[in-house]
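**Q** Pasting a structure below so you can have a look.
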Amino acid sequence: MKYLVIFLVLFGFMMILSVNNIYAMPPFHSQEIYDFSNVIVVGKVISVNSTFSPTHNLYEIQVEKFLKNPQDLDVLFAAGQKTANIRLGNQVFDVNDRGLFYLINNTIGYDPYFGIFGVYPTSQLIEPEWDKCNIFEKEIT
């Protein structure tokens, strides 16, 4: 019995010490996200094509406002991960979701789909409280 208690105590210490080996993506600073994104928009998902790729959904986004690098588009297409990944922190969107989309130029490797943006993992749903604060009224500089 004494050996079992010693074993459990040692095992507990090993588990505590192994916590340092947890890997996750560190949080991004907002300036880093802004700099890395080619286009930032507030918009609404109007369609989701889940057969676009084995790993990505194709989102059709109705643009409400461009916050960085305005385009002459009312609707744009962006590919995002098909499943949420806790390490990346990415969001999977559904039809009628309103979101803040950080978009990067085509980096998903689909040459036939040139012109489709990639959805950066920090893109997120817009909370109703954000509209009450008018946070999207000012231009980002």
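Convert by adding 753 to the 1-based position in the sequence shown; the result is the number in our numbering. Virtual Cβ for every residue (Gly too), placed ideally from N, Cα, C.
1. Return the chain-ordered ranges of every beta strand (DSSP E) run that is complete within the region 791 to 819 and spans a minimum of 3 residues.
2. Alpha carbon to alpha carbon, what distance is there between Y756 and R851?
3. Where does V762 land, buried or exposed, given buried means 16+ other C-beta within 10 angstroms?
4. Name the DSSP bridge partner or partners of F854?
5. Name the one or two DSSP bridge partners that G871 has.
6. Quick check: what's the CA-CA separation for L856 versus I759?
**A** In this structure, then:
1. Here the runs fully enclosed are 792 to 802.
2. Here residue 851 refers to the residue found at position 98 when the sequence shown is read from its first residue. Here residue 756 refers to the residue found at position 3 when the sequence shown is read from its first residue. Going by C-alpha positions, R851 is about 59 Å away from Y756.
3. Residue numbering aside, residue 762 sits at position 9 when the sequence shown is read from its first letter. V762 should be labelled exposed.
4. Taking the sequence shown and counting its residues from 1, one reaches residue 854 at position 101. Per DSSP, V794.
5. Residue numbering aside, residue 871 sits at position 118 when the sequence shown is read from its first letter. DSSP output for G871 lists A832 and I857 as bridge partner(s).
6. Reading the sequence shown from its first residue, position 103 is the one you call residue 856. Reading the sequence shown from its first residue, position 6 is the one you call residue 759. Their backbone Cα atoms lie some 54 Å apart in a straight line.
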